[in-house]
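All remarks here apply to the structure that follows.
There are 2 protein chains.
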Amino acid sequence: MEIDTNSDFSSIDDIKQLQNQHFLSHLSYSLSHSVYYQSKFEALDLSLEDIQSIDDIHKIPVTTKEEIERHNVDFLAVSKKQIIEYVTTSGTLGDPISIALTHQDQQRLARNERRALELCQITAEDTIQITTTLDKRFMAGMAYYLGATALGASVIRSGIGDPDFQWDNIRRFEPTVLIAVPSFAYKFGNYLLSKGIDPKTTSVRKIVCIGEPIRDSNFEPNTLHQKLTELWDVTLHSTYASTEMATAFTECNEGIGGHLLPELIYVEILDDHNQPVAMGEVGEITVTPFGIEGMPLLRYKTGDLARLHTAPCLCGRNTPRLGAIEGRKGQMIKWKGTTLFPQQIENVLNHISEIDNYIIELSLDELGLDKLKVILPDHLDEYIIAQAQRLLQQRLRVNPILEQNTAAYISNEILPKGSRKPRRFVDKRELVH
Amino acid sequence: MEIDTNSDFSSIDDIKQLQNQHFLSHLSYSLSHSVYYQSKFEALDLSLEDIQSIDDIHKIPVTTKEEIERHNVDFLAVSKKQIIEYVTTSGTLGDPISIALTHQDQQRLARNERRALELCQITAEDTIQITTTLDKRFMAGMAYYLGATALGASVIRSGIGDPDFQWDNIRRFEPTVLIAVPSFAYKFGNYLLSKGIDPKTTSVRKIVCIGEPIRDSNFEPNTLHQKLTELWDVTLHSTYASTEMATAFTECNEGIGGHLLPELIYVEILDDHNQPVAMGEVGEITVTPFGIEGMPLLRYKTGDLARLHTAPCLCGRNTPRLGAIEGRKGQMIKWKGTTLFPQQIENVLNHISEIDNYIIELSLDELGLDKLKVILPDHLDEYIIAQAQRLLQQRLRVNPILEQNTAAYISNEILPKGSRKPRRFVDKRELVH
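So the sequence lines, in the order shown, correspond to chains A and B. Be aware that the first sequence starts at 11, since it is given in this note's numbering, and climbs by one per residue. Be aware that the second sequence starts at 11, since it is given in this note's numbering, and climbs by one per residue.
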């Protein structure tokens, strides 16, 4: 599989043309194979001829998570025999969605992740330790494996958690790269320190970060980023992806947003009325991933909120870049008249270096209103708690209930039994009903 | 990757010729690339010319696990850059051995497992739930994934344990095949029953069994086999493999031994003096896996004890078949003058249908002698314990100490935290020193 990555450095116009070409072929495939899009277009009296180029994409209605949930089978564009794998979304906002992959999708996934790793300047000389799982129907774990081996790098399938085993892998195979959730890399680094091993002296020189932002909306390193680079002698690369889009946005060395892979995905930033927001404004990431055979999507609203940046990157690539995730639509909290997102609370808490772990818990009170709690480890002194309260009030104008609990309780809430990805935001509103 | 499986049905002579051809090319590769075999041959004044055909294989000294442990790096036959993955053995008999794979080895692994699944008559129409892990550097998990997707079957990467999640996969994707450790499939089936779900009414029609024998040395179904087919409406296929050999021996529908894949491996059954045992006798499985690029092996003594069967199979294949594993060399127990293997104790205990779980624990007493205990669940009545004692005495002429403990203790010993494969035999002799 030879990959031409030169297009990333083409002019903005050429990139748009490349995207246009992939879009039209993807649209044509979707309309000839997906029962769901066929009926949707028919119902709207919309045809392929109405969409002459990617500039007409706004004529196509957006696709929501609820639509995929409700009409899952109709989204399938191939016969059951062509399916080689079933994966699911992590289901942070409800029941996981099932996605079916074909051979071609498996190869596309490998290509996507190989491109993402190349953006981090990872080469065939590197050894990559994957500290996320390849079990539990998790697409990302397999994407890393397929992409890294396609690149020719060496892989160690380590799996989630278990710091002793992670260390055994580092000692044994001297990986240069970790693929990790940043807060896990931080916890693991501290575990090594507690065992008398300085993470800086290990072979690890890069951490590919998933699941949590390491910069704020101005690309400034957040506290997690600062803590990680104090602990490890590494460069950090943020990466954003999801099962539905099967494509990653990955930071190059400049660290000013995750680069779009132009032959694999088109991205729009939309408001609540599905209109594009002004350039540089926050809106909902809406994707049209190209070349997907099993379950093609058109204008899928991800629920994640971010900004898009189109100015050429200092690395020389002219591909658009996605900023840090600033919130998640389904996680909007209404708290005493104020609207906010868990990510905003995380950004504030991450500024207090003593706070090494926490969860944000949302439940319903007896009146059915949102009840917001931040649970902090019980080893923290009272003045740290007071500082957190003050900062939250200053920055977000909210006073959530601050509680303390054991480190074990917090760890278990972050990574409950059977889960494959840690979460700091625990939404208990559903459970109450 | 087109696979010619016709050779399995060729005449015994043609199979031998095919093996001869693969052997000579493998030998030539090993001697030109493996530092370890180069020095070994040089030290013995042995050259390629001395080995004209596979009939001369006995001139090559055997390779032991200890040699790979001690000279791991010298076994590597490629540059570090060509390595795409590191895996390790499970380390049941000491520190895990590291094995490096190249792209070609990854493809060979896929081919091997595809062939194994085809022997079970699994096709592109099937959906396979992998209930072992793909993490923890486990070769088998990845082999199943690569082989199954190469075959065109659909895969669900489920991971180890977690019966609720396993059931969610069955409910959601209706797999026709489980890949499972038989005792887990039994436990999981009973879990379903306890939830009011009859395993017989699920979509599962085949279980590919790994890690534990389901037949005795006469190919008669053992108790585990009987219990499984009472619980599930399935056919069972035993499969034997190891990380070092990267090749599986899998039962066809006749269930009379695991078929050798002639283009991928050669097998000898040797005694303690590295001489072939008489046909049909028990000895140590010694393998020469063909076509391995990263860490090629010649005459590797696996430590596993079994018999080889060469009479043509009722399925029409003329490939030799490996009988059930009857013991493991490093697990030989000397107990009050008698020599025995944990597998023999398991075979006896598996005859008592009330005994649904147990561990065999070997430690050293204060005199440094083997101390043998069988730990049974505390819900068992006294007369069952007495029956076990009687049967062990009758069949094996041993009286191990029988103890009872909680089901939780036994489960935890079978699958301790961080392990990727269950074990019923716990050797605590090493720990004492």
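We put the CB at the ideal spot given by N, CA and C, even for glycine.
Taking the C-alpha atoms as reference points, what is the distance between residue i and residue j?
i: Glu52/A; j: Ser40/A; result: 13 Å
i: Pro432/B; j: Ser100/B; result: 10 Å
i: His36/A; j: Glu59/A; result: 14 Å
i: Met305/A; j: Ala110/A; result: 6 Å
i: Ile279/B; j: Leu56/B; result: 23 Å
i: Thr137/A; j: Ala163/A; result: 6 Å
i: Leu406/A; j: Arg225/A; result: 18 Å
i: Gln285/A; j: Leu34/A; result: 21 Å
i: Ser17/A; j: Gly157/A; result: 19 Å
i: Val445/A; j: Ser248/A; result: This structure leaves residue 445/A out entirely; chain A is present only between 11 and 443.
i: Val408/A; j: Val358/A; result: 11 Å
i: Asp172/B; j: Glu240/B; result: 22 Å
i: Tyr46/A; j: Thr260/A; result: 31 Å
i: Cys323/B; j: His43/A; result: 45 Å
i: Gln354/A; j: Glu184/B; result: 41 Å
i: Ile420/A; j: Asn122/A; result: 34 Å
Could you tell me the boundaries of the alpha helix (DSSP H) in which residue i lies?
i: Trp242/A; result: Run containing Trp242/A: none; DSSP gives neither H nor E here.
i: Asp115/A; result: 113–129
i: Ile394/A; result: 392–406
i: Gln27/A; result: 22–43
i: Arg181/B; result: 173–183
i: Glu161/B; result: Going by the sequence as given, residue 161/B is Leu instead of Glu. Note, Leu161/B: alpha helix (DSSP H), 149–161.
I'd like to know whether the C-beta of residue i is nearer than 8 Å to at least one C-beta of chain B.
i: Ser108/A; result: yes
i: Val214/A; result: no
i: Ala134/A; result: yes
i: Gly313/A; result: no
i: His443/A; result: Only weak support exists for where His443/A lies, its pLDDT of 37 falling under 50; the value from the coordinates is given anyway. By this cut-off, His443/A is not an interface position.
i: Tyr4/A; result: Only positions 11 to 443 of chain A appear in the structure, and residue 4/A is not among them; the question remains open.
i: Arg182/A; result: yes
i: Thr159/A; result: yes
i: Gln117/A; result: no
i: Lys91/A; result: yes
i: Arg121/A; result: no
i: Gly378/A; result: no
i: Gly290/A; result: no
i: Gly206/A; result: no
Establish whether the CB of residue i and some CB of chain A are separated by less than 8 Å.
i: Phe175/B; result: yes
i: Thr257/B; result: no
i: Asp84/B; result: no
i: Arg317/B; result: no
i: Arg405/B; result: no
i: Val165/B; result: yes
i: Ser168/B; result: yes
i: Gly199/B; result: no
i: Arg400/B; result: no
i: Thr143/B; result: yes
i: Arg147/B; result: yes
i: Pro428/B; result: It should be pointed out that residue 428/B corresponds to Gly in this sequence rather than to Pro. Yes, because at least one Cβ of chain A sits closer than 8 Å to the Cβ of Gly428/B.
i: Gly221/B; result: no
List the endpoints of the continuous beta strand (DSSP E) containing residue i.
i: Lys427/B; result: First-last for Lys427/B: undefined, no H or E at that position.
i: Ile217/A; result: 216–220
i: Glu294/B; result: 293–299
i: Thr15/A; result: Thr15/A -> no beta strand (DSSP E), and no H or E assigned at all.
i: Ser204/A; result: Ser204/A -> not in any beta strand (DSSP E); alpha helix (DSSP H) instead, spanning 192–204.
i: Gln139/B; result: 137–140
i: Glu278/B; result: 275–280
Look up residue i in the DSSP assignment and give the residues it is bridged to.
i: Glu413/A; result: Ile385/A
i: Phe435/B; result: Ile370/B
i: Glu261/B; result: Gly268/B
i: Leu315/A; result: Glu294/A, Gly337/A
i: Leu350/A; result: Ile343/A
i: Arg225/B; result: Pro231/B
i: Ile166/A; result: Gln139/A
For the ligand COA, I want to know if residue i counts as a neighbour, meaning its beta carbon is within less than 7 Å of at least one of the ligand's heavy atoms.
i: Thr186/A; result: Absence of the ligand COA from the depicted structure is noted, as is the absence of any ligand whatsoever, leaving it without description.
Going along the chain, which unbroken runs of the alpha helix (DSSP H) with 4 or more residues stay wholly within the region 45–98 of chain A? 45–53, 75–80
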